Each structure stands twice: as C-alpha cells, then as structure tokens.
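Chains as they are written, first to last, in the working numbering: chain C, 252 to 525; chain V, 252 to 525. First the structure, in the form of structure tokens, and then the observations on it.
There are 2 protein chains.
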Amino acid sequence: MESASESAVVVFGQDGMQSASHVRRLIRQGLWTSHTSGLADEHVQGNVVILPQSLAGDFLRYCQRNPKPCPVLAVSEPGERLLPALGADIDICTDVPRYRVWRDGELVDEPTDIAALWRDDLVSFVIGCSFSFEQALMEAGLPLRHVEQGRNVAMFRTSIATEAAGPFSGPLVVTMRPLRAADVIRAVQVTSRFPNVHGAPVHIGDPSLIGIHDLARPDYGDAVDVMPDELPVFWACGVTPQAAIQQARPAFCITHAPGAMLITDLLNHQLASF
Amino acid sequence: MESASESAVVVFGQDGMQSASHVRRLIRQGLWTSHTSGLADEHVQGNVVILPQSLAGDFLRYCQRNPKPCPVLAVSEPGERLLPALGADIDICTDVPRYRVWRDGELVDEPTDIAALWRDDLVSFVIGCSFSFEQALMEAGLPLRHVEQGRNVAMFRTSIATEAAGPFSGPLVVTMRPLRAADVIRAVQVTSRFPNVHGAPVHIGDPSLIGIHDLARPDYGDAVDVMPDELPVFWACGVTPQAAIQQARPAFCITHAPGAMLITDLLNHQLASF
Numbered sequence: 252m253e254s255a256s257e258s259a260v261v262v263f264g265q266d267g268m269q270s271a272s273h274v275r276r277l278i279r280q281g282l283w284t285s286h287t288s289g290l291a292d293e294h295v296q297g298n299v300v301i302l303p304q305s306l307a308g309d310f311l312r313y314c315q316r317n318p319k320p321c322p323v324l325a326v327s328e329p330g331e332r333l334l335p336a337l338g339a340d341i342d343i344c345t346d347v348p349r350y351r352v353w354r355d356g357e358l359v360d361e362p363t364d365i366a367a368l369w370r371d372d373l374v375s376f377v378i379g380c381s382f383s384f385e386q387a388l389m390e391a392g393l394p395l396r397h398v399e400q401g402r403n404v405a406m407f408r409t410s411i412a413t414e415a416a417g418p419f420s421g422p423l424v425v426t427m428r429p430l431r432a433a434d435v436i437r438a439v440q441v442t443s444r445f446p447n448v449h450g451a452p453v454h455i456g457d458p459s460l461i462g463i464h465d466l467a468r469p470d471y472g473d474a475v476d477v478m479p480d481e482l483p484v485f486w487a488c489g490v491t492p493q494a495a496i497q498q499a500r501p502a503f504c505i506t507h508a509p510g511a512m513l514i515t516d517l518l519n520h521q522l523a524s525f
Numbered sequence: 252m253e254s255a256s257e258s259a260v261v262v263f264g265q266d267g268m269q270s271a272s273h274v275r276r277l278i279r280q281g282l283w284t285s286h287t288s289g290l291a292d293e294h295v296q297g298n299v300v301i302l303p304q305s306l307a308g309d310f311l312r313y314c315q316r317n318p319k320p321c322p323v324l325a326v327s328e329p330g331e332r333l334l335p336a337l338g339a340d341i342d343i344c345t346d347v348p349r350y351r352v353w354r355d356g357e358l359v360d361e362p363t364d365i366a367a368l369w370r371d372d373l374v375s376f377v378i379g380c381s382f383s384f385e386q387a388l389m390e391a392g393l394p395l396r397h398v399e400q401g402r403n404v405a406m407f408r409t410s411i412a413t414e415a416a417g418p419f420s421g422p423l424v425v426t427m428r429p430l431r432a433a434d435v436i437r438a439v440q441v442t443s444r445f446p447n448v449h450g451a452p453v454h455i456g457d458p459s460l461i462g463i464h465d466l467a468r469p470d471y472g473d474a475v476d477v478m479p480d481e482l483p484v485f486w487a488c489g490v491t492p493q494a495a496i497q498q499a500r501p502a503f504c505i506t507h508a509p510g511a512m513l514i515t516d517l518l519n520h521q522l523a524s525f
C-alpha cells in the first residue's frame with residue numbers, strides 16, 4: 252500500500268497547512284493522483300457525482316431523502332464546469348485527483364482528468380465528506396488511526412437500505428473509525444455539530460448488526476486495526492451515492508475515486524451548525 | 252383580527268396536546284381554516300409548495316441552495332397525493348387548513364381543499380417551519396409574544412437576496428420574535444439545534460440593516476410589539492419560496508396560506524441535531 256503521508260511530504264512539502272488552491276493546482280497538473288485525507292486539512296473536501304441532466308432531478312431527490320450519507324454542498328448548472336459556490340477557480344474536469352467513469356453501472360476507467368469526456372448536459376453534485384469532521388475530532392484531541400498511519404479511511408457497505416428515488420437506491424455505505432469509549436462519547440458530541448458532513452455516527456459497536464462481517468476487509472479504502480479497548484464507530488459515508496449509481500446503472504456517470512476528493516475553498520469551521 | 256386561541260378552544264377543546272391526526276381530521280372536514288400556531292404543538296408542521304413536475308427539479312435545486320429558508324422535509328412522487336414519509340394518512344389535497352392558488356404568479360384563490368385542482372403531474376414539497384423550534388424555545392422558558400397573544404407570527408420580506416436556481420429567485424423572508432437580551436443568547440443556542448427547521452437566527456437588532464422599515468407592518472402574519480428592553484430576532488422563514496414563486500410566475504402553483512401549515516406525524520424532538 253502506498254504511504255500517502257510520505258508521498259505528500261515529497262509533493263507538498265513539510266507544511267501540513269497547504270492552501271486549498273495550491274493543492275488544487277498540483278492536482279490539476281497531475282502531480283497528485285491519490286487520496287486527499289489530511290491535505291489542506293482546514294478546507295472542506297467533497298464527494299463528486301456527475302450525471303446527465305435527465306437523471307439530475309432524481310438524484311437530487313435521492314440526496315434529499317438520504318441527508319446523512321448525501322449532504323449536498325453544491326449543484327452545478329448543466330454543462331457548467333465551474334463551481335463558484337465552492338471556490339473561485341474550481342474546474343470539475345481537472346481538480347479531482349482521480350475520477351471513476353461508469354457506463355451502464357460498470358466501472359470502465361479511472362482517469363485523472365475528464366475534460367475529454369465533458370458534455371453540455373452534465374450536472375455536477377458535490378456532497379459533504381467526513382474529512383471535515385475529522386479535523387474537528389483531531390482538534391478535540393481524538394486520535395484517528397488511519398490519519399496517523401497515512402491510510403485512506405475504511406469504508407463498508409451495510410445492510411441498511413437507503414430511501415429510493417427514481418432509479419437510485421441501495422445500501423448505506425459507512426466509514427469506520429476505532430475509538431476508546433470516552434472518545435466515542437466525545438466523538439458523538441463533536442460530529443453532531445456537523446450535520447452537513449454526515450453528522451453524528453449511525454452505529455457504534457458490533458459490526459454484524461449493520462451487516463458488516465469482516466472489519467479487516469473494507470469494501471473501499473484501507474483496513475485499520477481495532478484494538479481490544481476500542482469500539483468501532485460508524486458514520487454515514489459519501490460513497491453511498493456510488494453504490495446507488497451501481498444500482499441505477501445510468502448509461503453514463505462520473506464520480507471521484509473513493510478517498511480522492513475535491514478540495515474546496517470553504518473552511519470546515521464554516522460548516523459547524525453551532 | 253380573529254383570536255385563534257379562543258377559536259381553537261371551541262374547535263379542539265381545552266387540551267393543548269391534541270394529536271396530529273385528530274387536528275388533521277378536523278382540518279380535512281373543513282372545521283379549521285385558520286393558522287396552526289400552537290396546534291398539536293409537539294408535532295412538526297410544514298410549509299407546502301405544489302408545482303408541476305416540469306418545474307420541480309429547478310425548485311428542489313433552489314431549496315438546496317437556500318437551506319436556511321427552504322429546508323426540505325419531503326418531496327412527493329409526481330401525481331401522488333399521499334406523503335407517507337410525514338404521516339400514514341396525509342392527503343395533501345385536504346389536510347392544509349387553507350391553500351393559495353397561483354396562476355402566472357398571481358394569487359387567484361384561497362380554497363380550503365384542492366382535490367378539484369389536482370393533476371397527475373403535480374409534485375408536493377413540504378418545507379420545515381419555525382413552529383418546530385418554537386416548542387423548544389418555550390420548553391427552554393423563553394416567552395413568545397405572538398403565541399401568548401394567539402396571533403400568527405410576523406413575517407417580513409428582507410433586502411437579502413436568495414441564491415437563484417432556474418426561474419426561482421427573490422428576497423429572503425424572515426419571521427421576527429421580540430426577546431430580551433439573555434433570552435436572545437439562549438434562543439441562538441436552542442434554535443441552532445434545529446438546522447432542518449431554519450436553525451439559528453439570520454439577524455438580531457436593527458431591522459433596517461436587512462431592509463425592514465416598519466416592524467408594525469409585516470408583509471405576512473400579524474404585527475407584535477417590541478418592548479424597550481427587547482431586541483427583534485429574525486429567523487429565515489418558509490414563506491421565502493412563495494416570494495420566489497411570485498418572481499418565477501409559474502403557470503400553475505399551489506401553496507399553503509402563510510401560517511396555515513400542514514401538521515405531520517413527526518415529532519419536533521426528532522428534528523433536533525443534538
């Protein structure tokens with residue numbers, strides 16, 4: 252597995268407080284094509300879904316019905332590559348480190364630039380990401396093992412069904428972070444402040460109760476160990492719409508690659524509800 | 252002005268804790284056609300917007316871009332009169348005390364039943380309402396003058412523009428409640444818990460800073476006095492979409508009459524984010 256933290260030092264320098272626009276520029280130039288956990292860490296990162304306009308209404312309704320996994324931060328005008336609500340210079344075709352291209356629900360490519368695939372009828376959705384509340388958890392003194400180890404967060408498909416809308420349905424996808432009991436309580440308090448980026452956890456403890464049978468084998472991202480004195484804590488995840496897209500099998504769709512997010516100019520602190 | 256609190260005692264009896272389904276049944280029978288402030292007060296009430304499917308996507312995008320005034324609680328399937336997400340027996344054609352019918356952006360009728368106007372292409376939106384956090388404010392011991400006086404809350408159009416989407420744009424509409432300073436601070440804390448029903452205030456103090464020139468002349472609802480030791484406190488209001496509809500001038504649209512809400516089976520406590 253790639254050690255992203257070491258690679259990031261090479262690309263971005265020792266300073267962990269990179270500006271969002273600086274990191275985006277390096278991504279745009281193809282110099283960073285991996286996951287974005289820990290990069291420009293004061294800034295909001297987003298999950299990306301790009302769909303033809305004919306499906307955009309159904310998809311927005313799906314997000315409305317499933318606000319915990321699908322908190323919508325911005326929706327573009329059809330055919331518009333820029334996302335001014337999230338940053339002055341954001342170009343959705345170049346500013347995500349790695350994309351996934353889906354045709355008829357099958358993953359067909361993982362490019363680092365989608366300008367050649369752009370169409371006038373495409374609508375971009377940016378959906379909140381748990382990286383925003385991870386900053387708040389770390390500021391509260393809670394250790395996050397995957398960040399310490401420079402890994403992508405572990406993500407799992409659950410047996411919890413989302414609310415359907417049009418062709419979109421499927422399982423709730425969650426992220427898992429192991430925490431000691433006192434930290435679990437604090438984590439509930441801290442993440443409750445961030446309803447726009449998944450908010451409070453959806454489950455704590457026994458993974459089998461939500462249909463997860465092996466924590467060592469995540470469906471997306473990297474496995475992390477759960478120590479004997481820790482509980483696994485599960486939050487709704489912005490990869491959920493990718494599972495819904497696999498279910499809906501749209502003729503054409505583009506998403507980010509799990510963990511490789513769009514970095515915006517918004518500050519995580521701006522998303523706190525109190 | 253009608254004294255709603257006295258009338259409500261006649262229709263519903265002395266018990267202020269009416270069940271939502273009981274109140275809805277009386278509304279359905281045409282026995283209550285006025286505003287719903289204080290009725291079934293543990294239950295979530297909602298603003299209603301009904302639009303042809305051709306405009307529903309733009310309108311949902313408008314709501315996404317303006318979550319403080321337009322927090323969407325539910326969206327119906329096209330042509331579907333029932334709203335199962337909000338209550339087992341809710342019929343959007345009969346369960347609002349008074350509707351407003353708009354043609355080409357002009358208010359043309361205020362019926363108490365819209366079954367005769369129903370069409371297979373209509374989509375219903377239910378948008379959160381400040382009555383939900385009013386219960387929390389009263390439980391926190393904060394006095395709400397308009398409730399004490401049995402009046403509708405005072406609503407004002409402001410000079411703050413909402414974010415446009417498709418044909419929908421227009422001013423932010425706010426509700427105003429007068430509070431003493433210590434209660435203002437508490438009110439910010441209490442209402443911050445309810446981001447899905449307008450959340451924290453948008454303004455406190457001088458009304459002219461947000462384009463309101465006379466607190467004695469609200470644009471909707473009833474005026475209430477502001478005492479010398481009080482500050483006016485302003486929250487985003489679910490009548491904002493009605494102002495956007497007047498701007499968009501859709502060929503056909505139905506809304507609730509300001510203050511005369513849809514009463515759902517959801518509990519206000521269910522909407523608290525922490």
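Where a beta carbon is used, it is the ideal one built from N, C-alpha and C, also for glycine. On a predicted model such as this, the values are computed, not experimentally measured, just so you know.
Taking only the alpha-carbon atoms, compute the straight-line gap between residue i and residue j and give it to the nearest angstrom.
i: A416/C; j: M512/V; result: 25 Å
i: A523/V; j: L324/C; result: 20 Å
i: L311/V; j: P479/C; result: 46 Å
i: M252/V; j: P458/V; result: Because M252/V sits at a pLDDT of 36, beneath the cut-off of 50, its placement in the model cannot be relied upon, and the following sentence gives the value as read from the coordinates. So the alpha carbons of these two residues sit roughly 25 Å apart.
i: P501/C; j: R354/C; result: 7 Å
i: Q386/C; j: C321/C; result: 19 Å
i: L358/C; j: I505/C; result: 9 Å
i: R332/V; j: S443/V; result: 32 Å
i: P452/C; j: S327/C; result: 29 Å
i: A433/V; j: R275/C; result: 45 Å
i: F419/V; j: H464/V; result: 25 Å
i: P469/V; j: P362/V; result: 23 Å
i: L423/C; j: T491/C; result: 6 Å
i: L466/V; j: N519/V; result: 29 Å
i: A339/V; j: I514/V; result: 12 Å
i: F503/V; j: G379/V; result: 22 Å
i: L430/V; j: F525/C; result: 20 Å
i: P318/V; j: N447/V; result: 8 Å
i: D309/C; j: G356/C; result: 16 Å
i: G330/V; j: Q269/V; result: 30 Å
Hey, would you say residue i sits closer than 8 Å to residue j, going by beta carbons?
i: A307/V; j: V377/V; result: no
i: A494/V; j: R428/V; result: no
i: Q497/V; j: G421/V; result: yes
i: S381/C; j: H449/C; result: yes
i: I278/V; j: P335/V; result: no
i: S383/C; j: F485/C; result: no
i: D360/C; j: P303/C; result: no
i: V475/C; j: R396/C; result: yes
i: A508/V; j: Y350/V; result: yes
i: G389/V; j: Y471/V; result: Residue identity differs from the one stated: residue 389/V is Met in this sequence, not Gly. No, these two residues do not count as a Cβ contact at 8 Å.
i: L337/C; j: D473/C; result: no
i: V425/V; j: A487/V; result: yes
Any idea if residue i is buried or exposed, counting beta-carbon neighbours within 10 angstroms, 16 or more meaning buried?
i: Q460/C; result: The question names Gln, but residue 460/C is Leu in the sequence shown. Exposed.
i: P394/C; result: exposed
i: I436/V; result: exposed
i: S410/V; result: exposed
i: A412/C; result: exposed
i: Q521/C; result: exposed
i: G289/C; result: buried
i: G462/V; result: exposed
i: Q440/C; result: exposed
i: A438/C; result: buried
i: G510/C; result: buried
i: D271/V; result: Looking at the sequence shown, residue 271/V is not Asp but Ala. So A271/V counts as buried.
i: G489/C; result: buried
i: A391/V; result: exposed
Legend entry - Contact set between the region 361-384 of chain V and chain C, restricted to residues whose Cβ is under 8 Å from the partner: none
Legend entry - Cβ contact check for the region 337-345 of chain V and the region 362-372 of chain V: 3 or more pairs under 8 Å: yes
Inset, instruction - Specify whether the region 402-409 of chain C and the region 292-308 of chain C touch according to this definition: at least 3 beta carbon pairs, one from each stretch, less than 8 Å apart. - result: no
Legend entry - Given 8 Å, three or more beta-carbon pairs between the region 477-497 of chain C and the region 271-291 of chain V: no
Inset, instruction - Please list the residues of the region 309-326 of chain C that have a C-beta atom closer than 7 Å to any C-beta atom in chain V, keeping them in chain order. - result: L311, R312, Q315, V323, V326
Legend entry - chain V contacts made by the region 487-502 of chain C, where a contact means CB separation under 7 Å: none
Inset, instruction - Name, going along the chain, the residues of the region 297-309 of chain V whose beta-carbon falls closer than 8 Å to a beta-carbon of chain C. - result: A307, G308
Inset, instruction - Could you run through the region 427-446 of chain V and flag, in chain order, every residue whose CB is less than 8 Å away from some CB of chain C? - result: Q440, S443, R444, P446
Inset, instruction - May I ask you to list, following chain order, the residues of the region 446-480 of chain V that have a beta carbon less than 9 Å from some beta carbon of chain C? - result: P446, N447, G450, A451
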